[in-house]
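First the structure, in the form of structure tokens, and then the observations on it.
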Amino acid sequence: MLLLAVGLRGTLPNNTRPPGRTGRALHAVQDPALARRIGAGLAVAVLVLLVTRWPVAAVGLGALVILWPVLFGGGQHERLQMDRLEALVVWTESLRDTVGAHASLEQAIPVTARHAPPLIRPALVRLVGQLHARVPIDKALLSLAAYLDDASADLVLAALILSAQRRGDGLGQVLTGLAVAAREELDVRRKVSAGRAGLRRGVQVVVVITLSFAGFLAVFGGTYVEPYATPAGQLALGVVLGIFAVGFGWMRQLSGIPAVPTFLTPAAGGPDPADLMVLAGLTGSAGAGHDRPGAQRSRRAR
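If you read the sequence shown in this note's numbering, its first letter stands for residue 5, the second for the next number, and so on.
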């Protein structure tokens, strides 16, 4: 009944709202690369079934082709995160220079968004649109944090939220310190990612050798692999493939970098005040909160 009522009434899409888990899942399903992997996985499954007559092996190898980037990838996602962080650092430095020219944060964001790096420019354009639509700047920055989904980006955006809420001085110095720290973190991430790349290649070599040996036995094994044609043999083969799947998943976990959890959560209604206090102390902007709005207005009048 609820779905019927919503369907008859209709809904208005909110383009300023970041996509949720369902939206991200639908976007992933519509990815052309996933469609190609599914097609390749089905082709491999049919080929294996025709050659070996083993349905368990056909399903396992087809799933392996489809899930190959999940099990043995990860480098592309890491590079995307690093590229986003680098683009954010470039935008932060541009924002610092614009704010240093005695421009307010609301004035500096639209100016710098036009010349921002292409990787984050759509998110900044959406941020500017939210500001033009009278969305509070702290909520708009939270939406940008949800899009970037990076702990280092949260640090920069939390400093901007503090400046927007407290209207204190020293934002340029804070942005300079954050940009320097983010660039140092980028260097560390690149070194770690280069080391992980060698481990990923080793994992892929192990998988290819294992599959090649198993395929050789399946085709030329003769009487050695005949028991796998029985139902009990298929059950045993399922157990063996399950053990290999656990091993591949373990190697994938070893070759990956654990993600640092973000602390700016729009679903919780904004950042935790305790986190903002800690960030204010770390960035040296704690004194900004002592300026009362009346004093700030009187200073501007003078």
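Beta carbons are placed, not taken as given, at the ideal position from N, Cα and C, and that holds for glycine.
Asked	Found
Inter-residue Cα distance where the pair is LEU164 and ALA120	17 Å
Test item: CB-CB of ALA49 and LEU241 under 8 Å	no
Between the CA atoms of PRO265 and TRP95 - distance to the nearest angstrom	23 Å
Proximity of GLU110 and LEU135 at Cβ, strictly below 8 Å	yes
Backbone secondary structure at ALA9 - three-state DSSP	helix
Contacting residues, own chain, Cβ-Cβ under 8 Å from ARG88 (five flanking each side not counted)	LEU123, ILE124, LEU152, ASP154, ALA157
CB contact flag (ALA104, GLY45, <8 Å)	One detail in the question is off: residue 104 reads as Gly in this sequence, not Ala. Against a cut-off of 8 Å, the Cβ pair of GLY45 and GLY104 comes out as no contact.
Among LEU75, VAL184, GLY174, the one whose alpha carbon lies nearest that of HIS106	GLY174
Between the CA atoms of ASP101 and ARG205 - distance to the nearest angstrom	42 Å
Ordered list of alpha helix (DSSP H) runs contained in the stretch 43–131, each at least 4 residues	59–70, 72–76, 79–104, 109–117
Neighbourhood of MET255 by C-beta distance below 7 Å, restricted to the same chain and skipping five residues each side	VAL207
Same chain only: Cβ atoms within 6 Å of LEU128, ignoring 5 sequence neighbours per side	ALA117, ALA120
C-beta atoms of ARG13 and ALA233 nearer than 8 Å	no
Residue range of the alpha helix (DSSP H) that includes ARG138	Segment: none, ARG138 is in no alpha helix (DSSP H) and carries neither H nor E.
Length of the line joining the Cα atoms of ILE113 and PRO73	37 Å
Proximity winner among ALA137, VAL139, VAL184, relative to VAL160 (alpha-carbon distances)	VAL184
Classification of PHE220 by the beta-carbon crowding that lies within 10 angstroms, buried from 16 upward	exposed
Spatial distance of LEU179 from ARG170 (CA atoms)	16 Å
Cβ neighbour criterion (16 or more within 10 Å) applied to ARG138	exposed
Test item: CB-CB of ILE70 and ARG40 under 8 Å	no
Nearest residue (CA-CA) to LEU51, options GLN257, VAL243, VAL244, VAL223	VAL223
Cα-Cα separation, VAL10 to GLY66	39 Å
8 Å Cβ cutoff met for GLY253 and LEU6	no
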